[in-house]
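Top line first, the protein sequences correspond to chains P and H.
Residue numbers in the first sequence follow numbering that gives the first Met the number 0, run continuously in steps of one, and reach 287 at the last position.
Residue numbers in the second sequence follow numbering that gives the first Met the number 0, run continuously in steps of one, and reach 144 at the last position.
Ideal placement from N, C-alpha and C gives every residue a C-beta, glycine not left out.
Since the structure is predicted, the reported quantities are computational estimates derived from the model, not experimental observations.
Accompanying notes for the structure given below.
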Amino acid sequence: MSETDELLIAAKNGDRRALSKLLTCLEEGEESPVPAGSGDSIGVTGPPGVGKSTLIGRMVDIWLARGESVAVLAVDPSSPRSGGALLGDRMRMMSADSSDSFFVRSLATRNHPGGLMDCLSPMVDCLAECGWSRILIETVGAGQAEIRVVAFAERILLVDGPDRGDVIQAEKAGIIELADLIAINKSDLPNAARAADSIRSALSVGELERNPEVLLVSAHDGSGIEQLVDAIDAVETTTGRERLRIRERLISAWDSTLLGADSFDEVMAALETGSMTLSEAVESIRKG
Amino acid sequence: MRIVVAKPGLDGHDRGAKVIARALRDGGHEVIYTGLRRTPAEIVRIVMDEDAAAVGLSTLSGAHAILIPRLCGGLREAGMTDVVVFAGGIIPEEDRPALFEEGVRAIFGPGTTTSEILDFLKTLDERAEAGEAIGVGEDPGWHWE
């Protein structure tokens with residue numbers, strides 16, 4: 000029996016440390032002991048500073064009070080200079096830190112393109128196998144075009160806030176078209192209702208088969224959080240997204256292959272000294 | 000290395016802890032910061048969930064003699080004997096031997112340079128490779144001077 004199989008058995012019997020070690024193995028690229036695609040997760044994405052972590056902390060409180068168990072995979076960026084990372088999401092999910100039904104794992108992107116890593120899928124599968132009823136992926140603070148979360152999460156909650164630009168921002172294409180649900184956080188601040196209206200009106204003239212609900216919430220004072228939690232359950236996942244999901248998965252796997260290529264460092268060095276062109280570099284890596 | 004930087008007890012500010020967290024990040028480590036006012040039990044849980052190799056404790060308010068041994072005991076009880084514990088902040092000289100006896104491997108006071116802490120972590124790697132004790136549940140014979 001492999002190490003990951005043993006860890007999975009221990010984790011299923013409630014050994015938290017084994018679960019944690021299992022996730023480390025997956026992060027380091029080991030084969031998952033669970034069939035791929037068996038888990039189901041909620042992706043929480045949105046720009047930096049809109050309150051994703053704090054909002055998750057509030058939602059977790061509600062799920063725990065309802066008797067559920069919640070696992071969060073919280074992703075933060077790695078430093079492109081040092082390779083280090085400061086992972087600070089869990090400090091905003093403090094209230095539940097001593098519950099046995101709550102698990103948070105902070106993950107660094109390790110500079111994987113797209114801000115999310117391939118290991119997230121097997122992690123979700125293993126957490127589901129171990130009986131965690133809610134599994135959330137919190138992405139790095141993401142802009143308009145970052146849709147990689149589609150590859151890893153079945154349902155997508157987009158979090159935004161007030162004063163993040165005029166109505167044209169809401170009209171732009173991108174992740175907003177893929178969200179199953181949109182939460183405008185910081186409803187305790189002025190202009191939050193206006194931000195929600197801009198997004199609603201932008202969506203209303205679109206050609207989506209079904210517009211996502213736009214909810215006003217405040218992770219600060221707790222208002223609207225119960226409704227948000229209920230709305231997540233009411234969401235029907237759109238099947239039309241399957242092709243896009245496969246596409247994003249393929250790109251993500253391609254990125255991993257590129258970064259993991261034996262010749263990667265060599266090719267980088269050749270590019271730096273100018274002894275190789277970009278297209279030669281691509282060709283060289285493809286040939287292995 | 001994955002390192003939890005934690006603030007046990009009732010300290011009012013965490014300037015020092017944040018500086019350390021940042022320095023470790025710049026040294027290429029993955030740092031999980033807990034925020035203020037965590038109990039030893041919460042910190043044990045965080046170290047476990049994050050599968051951290053080390054935990055750095057910052058205390059300023061004088062409760063180190065109670066809180067740090069509690070955390071060390073909690074880690075041992077949870078079976079995490081290989082986790083490295085180090086500390087910083089305001090910890091008087093006379094209180095240090097007892098903490099080293101508990102398995103704390105380094106105590107950094109005011110004026111410590113960030114490069115010294117990175118040197119300590121490098122030494123940990125070397126010791127681990129040589130099979131020498133560094134964990135909180137292992138022989139407490141060695142600590143960083």
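Along the chain, where does the beta strand (DSSP E) that runs through residue i open and close?
{"i": "V71/P", "result": "V69 to D75"}
{"i": "S57/H", "result": "A53 to T58"}
{"i": "T44/P", "result": "I41 to T44"}
{"i": "L107/H", "result": "As written in the sequence, residue 107/H is Phe, which differs from the Leu given in the question. That run of the beta strand (DSSP E) goes V103 to F107."}
{"i": "V105/P", "result": "First, the residue type needs correcting, since residue 105/P is Ser and not Val in the sequence shown. Here the beta strand (DSSP E) through S105/P covers F101 to A107."}
Show which residues of chain A have a CB atom less than 7 Å away from the CB atom of residue i.
{"i": "G27/H", "result": "Going by chain labels, chain A is absent from the structure shown, which instead holds the protein chains P and H."}
Quick one: is residue i near chain H, going by C-beta distance under 8 Å?
{"i": "L22/P", "result": "yes"}
{"i": "S105/P", "result": "yes"}
{"i": "R89/P", "result": "yes"}
{"i": "V257/P", "result": "What sits at residue 257/P in the sequence shown is Leu, not Val. Output row for L257/P: interface = no."}
{"i": "F263/P", "result": "no"}
Rounded C-beta distance between residue i and residue j? I'm assuming under 8 Å.
{"i": "S31/P", "j": "D124/P", "result": "6 Å"}
{"i": "I77/H", "j": "M0/H", "result": "What sits at residue 77/H in the sequence shown is Ala, not Ile. Not quite, the Cβ-Cβ distance comes to about 20 Å (not below 8 Å), so this is no contact."}
{"i": "I42/H", "j": "L23/H", "result": "With 8 Å as the limit, I42/H and L23/H do not qualify as a contact, their Cβ atoms being about 17 Å apart."}
{"i": "G114/P", "j": "P76/P", "result": "7 Å"}
{"i": "I134/P", "j": "S40/P", "result": "4 Å"}
Is there a C-beta anywhere in chain P that falls below 8 Å from the one on residue i?
{"i": "I133/H", "result": "no"}
{"i": "T33/H", "result": "yes"}
{"i": "D81/H", "result": "no"}
{"i": "D124/H", "result": "no"}
{"i": "F13/H", "result": "As written in the sequence, residue 13/H is Asp, which differs from the Phe given in the question. No, D13/H does not count as interfacial toward chain P."}
{"i": "R104/H", "result": "no"}
{"i": "L23/H", "result": "yes"}
{"i": "E49/H", "result": "yes"}
{"i": "E41/H", "result": "yes"}
{"i": "A16/H", "result": "no"}
{"i": "G136/H", "result": "no"}
Buried or exposed: where does residue i fall if 16 or more other Cβ atoms within 10 Å of its Cβ makes it buried?
{"i": "D48/H", "result": "buried"}
{"i": "I65/H", "result": "exposed"}
{"i": "M79/H", "result": "buried"}
{"i": "W253/P", "result": "exposed"}
{"i": "A97/H", "result": "exposed"}
{"i": "M0/P", "result": "exposed"}
{"i": "I2/H", "result": "buried"}
Starting from residue i, trace the alpha helix (DSSP H) in both directions and tell me its first and last residue.
{"i": "L70/H", "result": "H63 to E76"}
{"i": "R37/H", "result": "That residue, R37/H, is in no alpha helix (DSSP H); it is neither H nor E in DSSP."}
{"i": "S283/P", "result": "L277 to K286"}
{"i": "E144/H", "result": "Here E144/H belongs to no alpha helix (DSSP H), and DSSP marks it neither H nor E."}
Tell me which residues share the same chain as residue i and place their Cβ nearer than 6 Å to its Cβ, disregarding the 5 neighbours each side in the sequence.
{"i": "E247/P", "result": "R147, V149 and A150"}
Suppose the cutoff is 8 Å on Cβ atoms and the five residues either side in sequence are ignored; what does the same chain contact list for residue i look like?
{"i": "P34/P", "result": "D124"}
{"i": "G130/P", "result": "K11 and S68"}
{"i": "G15/H", "result": "S57, L59, G87 and G88"}
For residue i, collect the residues of the same chain with a Cβ closer than 7 Å to its Cβ; drop the 5 residues on either side in sequence, then sort them by chain order.
{"i": "G134/H", "result": "T80, D81, V82 and V83"}
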